[in-house]
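Whatever position you read off the sequence shown (first residue = 1), add 665 for my numbering. Okay, so here's the structure we're looking at.
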Amino acid sequence: MSDTAQAYPKQRRTGAARFLPLLGWLPEYNGRYLRHDLIAGLTVAVMLVPQSMAYAALAGMPPVTGLYAAVVPLLVYAMFGTSGSLAVGPVAITALMTSAALAPLAGGDPGRYAALAGLLALLVGAIQLAMGVLRLGAVVNFMSHSVLAGFTSAAAIIIAASQVKDLLGLDAERAEGFPEIVSSVWHAAGTAHGLTVVISVVSIAGLVLLKRFWPKLPGALLVVAGVTAASAMLSFGDRGVSILTDVPSGLPMPALPTLSAQDVTALLPAALAIALVAYMEGIAVAKALAAKSKQQVNPDTELVAVGAANVSAGMFAAFPVAGGFSRSAVNFSAGARTPFATVVTALVVALTALLLTPAFYHLPKAVLGAIIVVAVVGLIDVKSAAGAWRTRRVDGIALGITFVVTLLAGVEPGLAAGVAFSLAVFLWRSSRPHQAELGRVPGTDTFRNVARYSGLTTDPHIAVVRVDGPFYFASAQQVEDSLTGLVEERPELHTLVLDASAVNDADADGAHALAELRERLGDRGITLRLATVRGPVRDLLTRAGVWQSLREANQVHPDVAAAVSAAGGFGRSSGSGTRSPSPTQEVF
């Protein structure tokens, strides 16, 4: 067994452990694992305390609710989660989406806002739990990397812009959308507060320098402690700097938010979007870290775990949570071995909420803004945008549409636009599968695309065509029309060989189109021959009554060479030379 494997307890997936993953690693837990988890849990806690308060402010909630979101949800995830490194809690993207969803419904009432936040977390958790129980983790595959990159980049810009008000100490109204934020900042630019600007610059510089030169130090905590101490000694609050003042101590009792069915209906679209984005963010980092530690992560179980964490967040006066990129990476690098590291983090945050909240009285709000800005700058993914455009233009367009719509219309419309465009592109491409006419490599029974290779042998009386895609309702008519058009252009043809090796699926419409194509070709005196038909496609054609008639007419063959031989063979060369294709060339 490797050192890496020995460093982590075995994750059993049998019996009760399938439903409560805690039972999968707890029986083998020992002091060696505890030492690593204690260090990792403490490390993440000193990072999470200031971050959770900052993200609560971003979500439009009192900063102390960030601490609430970093206690019970973490304990719940530790019981149900399968990742030993994923650090669950408040994250920037879901905080922004929470703010965008709640502000239009709360009407400026803090009490109603808090109740809506709890309801939103419950809905997010319920959706994730249902998806996990129904094993619908694959649904997130409809959100492509390009869409997610465009969304997160735009969201990062919106998040950073939303903090300008606190960073400059502006007397400006709270705004949600990017155009509204820009307008609000522009009209309030003359109210900038000099000392607040200095605090912001010093905080951002401190966070960046600590991250750059001393990455192992808890930069956010050090900046918070240092600026808070300076604020208390120099009375920043009395000099016009906005500070937190009283931060309630203690932890809330569990309670269900009491709101109307209309509120549930109004929040459902946002809840669905947050559920998908939160899960994607968490599962992506969980899988990446699991690959490094040689552990296993179960996507559907992770949905249940994060869903349960969100339900608990809704019951404890918090807001939606997710697995965070940066904290999870810190958790992994600090040596986390099991979800018990998350328990340690939760306990430290709980002690902070119970005993240390008075220490945040003099903390300038500009520091929380600086923490958010430094954290989200890395989400602006210029590299992915350039790579998507260079690799395939339609992916770049999907990224661009998502980015622009998110920036101008908001997070939910942007996400919906990106997913809708990607689905439209998928349907369009699947309805027009690639088709290639094939020729024989001289001296072999190998056939290649005549558009990509020279020196291939072909025959004016026999056309060999490969269809690269499913033969179903969206593509059947297009494929039938394309093949019919090909034979109409070549009156000398007597045989059309359809290489079905790349046809991986078919439906009743495809079977009907194939039978119709055979009939239309037969009316012209052309024989249709099928080669290399896959088992599932053959089974469907059998059920549709097409396969038997093809077999009886000796029109199905094990491979293209057999089909060509049955048609009389090839007799001429399509190229001027006789060079066989290089084995390093593409074959598709």
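Using N, Cα and C, we set each Cβ at its ideal position, and we do this for glycine too.
Distance CB(residue i)-CB(residue j) smaller than 8 Å
{"i": "S991", "j": "L954", "result": "no"}
{"i": "T1067", "j": "G1079", "result": "yes"}
{"i": "N1114", "j": "A1101", "result": "yes"}
{"i": "T1123", "j": "F1235", "result": "yes"}
{"i": "G1175", "j": "Y1118", "result": "no"}
{"i": "I846", "j": "A820", "result": "no"}
{"i": "L788", "j": "V1013", "result": "no"}
{"i": "P883", "j": "V1041", "result": "no"}
{"i": "V729", "j": "S977", "result": "no"}
{"i": "D1188", "j": "A1167", "result": "no"}
{"i": "M718", "j": "A782", "result": "no"}
{"i": "V1130", "j": "L1158", "result": "no"}
{"i": "V942", "j": "M796", "result": "no"}
{"i": "V756", "j": "Y742", "result": "no"}
{"i": "V798", "j": "V995", "result": "no"}
{"i": "P844", "j": "L1073", "result": "yes"}
{"i": "L875", "j": "L887", "result": "yes"}
{"i": "L924", "j": "A780", "result": "yes"}
{"i": "V1084", "j": "M808", "result": "yes"}
{"i": "P964", "j": "I948", "result": "yes"}
In DSSP terms, what residue i is bridged to
{"i": "A1196", "result": "D1164 and H1222"}
{"i": "L1103", "result": "N1114 and V1129"}
{"i": "A987", "result": "G754"}
{"i": "I908", "result": "P1029"}
{"i": "F1136", "result": "A1171"}
Segment limits, alpha helix (DSSP H) that includes residue i
{"i": "E838", "result": "Run containing E838: none; DSSP gives neither H nor E here."}
{"i": "S1087", "result": "V1076 to S1095"}
{"i": "N1169", "result": "Run containing N1169: none; DSSP gives neither H nor E here."}
{"i": "Q1213", "result": "W1212 to E1217"}
{"i": "M718", "result": "G696 to L723"}
{"i": "V804", "result": "Premise fails: V804 is in no alpha helix (DSSP H) and is neither H nor E."}
{"i": "I824", "result": "H810 to S827"}
{"i": "A1024", "result": "Note, A1024: premise wrong, no alpha helix (DSSP H); not H, not E."}
{"i": "W1330", "result": "Lying before the first or after the last residue shown, residue 1330 is absent from the chain, which here runs from 666 to 1253."}
{"i": "M918", "result": "No alpha helix (DSSP H) contains M918, which DSSP labels as neither H nor E."}
{"i": "R877", "result": "G859 to F878"}
{"i": "D965", "result": "P964 to M980"}
{"i": "D1146", "result": "A1141 to E1153"}
{"i": "R777", "result": "P775 to V798"}
{"i": "M898", "result": "G884 to L899"}
{"i": "F1005", "result": "F1005 to L1016"}
{"i": "T730", "result": "V729 to Y733"}
{"i": "V741", "result": "V737 to F745"}
Presumed contact (8 Å Cβ cut-off) between residue i and residue j, rounded CB distance
{"i": "D928", "j": "L1016", "result": "Not really, about 34 Å apart at Cβ, beyond 8 Å."}
{"i": "V1009", "j": "L703", "result": "6 Å"}
{"i": "A1018", "j": "G905", "result": "In fact, because the Cβ distance is near 29 Å, the residues do not count as touching under 8 Å."}
{"i": "V950", "j": "L751", "result": "7 Å"}
{"i": "V1076", "j": "A765", "result": "5 Å"}
{"i": "T747", "j": "P692", "result": "Not confirmed; about 16 Å, so no contact."}
{"i": "R1185", "j": "T1149", "result": "6 Å"}
{"i": "Y733", "j": "P917", "result": "6 Å"}
{"i": "L794", "j": "G972", "result": "4 Å"}
{"i": "A1050", "j": "G1061", "result": "7 Å"}
{"i": "A705", "j": "A1006", "result": "4 Å"}
{"i": "D1164", "j": "L1103", "result": "6 Å"}
{"i": "A870", "j": "V850", "result": "No, A870 and V850 are not in contact; Cβ-Cβ is about 21 Å, not under 8 Å."}
{"i": "P1285", "j": "D1170", "result": "Residue 1285 cannot be examined here, being either before or after the span of the chain that is shown, 666 to 1253."}
{"i": "R777", "j": "A771", "result": "5 Å"}
{"i": "Q1143", "j": "R1097", "result": "6 Å"}
Discussion item. Any contact between the segment 1222-1230 and the segment 1188-1200? By contact I mean 3 or more CB pairs, one from each, below 8 Å.
Written reply: Inter-segment contact for the segment 1222-1230 and the segment 1188-1200 is present: three or more beta-carbon pairs are separated by less than 8 Å.
Worksheet item: Counting pairs of Cβ atoms below 8 Å between the segment 954-974 and the segment 815-832, do you hit three or more?
Response: These segments do not touch.
Worksheet item: Would you call the segment 1027-1043 and the segment 713-722 touching, i.e. three or more CB-CB distances under 8 Å?
Response: Touching, yes, given that three or more Cβ pairs across the two stretches are closer than 8 Å.
Item to complete: Specify whether the segment 827-837 and the segment 862-870 touch according to this definition: at least 3 beta carbon pairs, one from each stretch, less than 8 Å apart.
Response: With a cut-off of 8 Å, the segment 862-870 and the segment 827-837 count as touching, because enough Cβ pairs lie within range.
Discussion item. Check whether the segment 1196-1206 and the segment 1087-1100 touch, using three or more Cβ-Cβ pairs below 8 Å as the test.
Written reply: Pairwise C-beta distances place the segment 1196-1206 out of contact with the segment 1087-1100, as fewer than three of them are shorter than 8 Å.
Worksheet item: How about the segment 1021-1034 and the segment 874-894: do they share at least three Cβ pairs that are nearer than 8 Å?
Response: Here the segment 1021-1034 lies against the segment 874-894, with 3 or more beta-carbon pairs under 8 Å apart.
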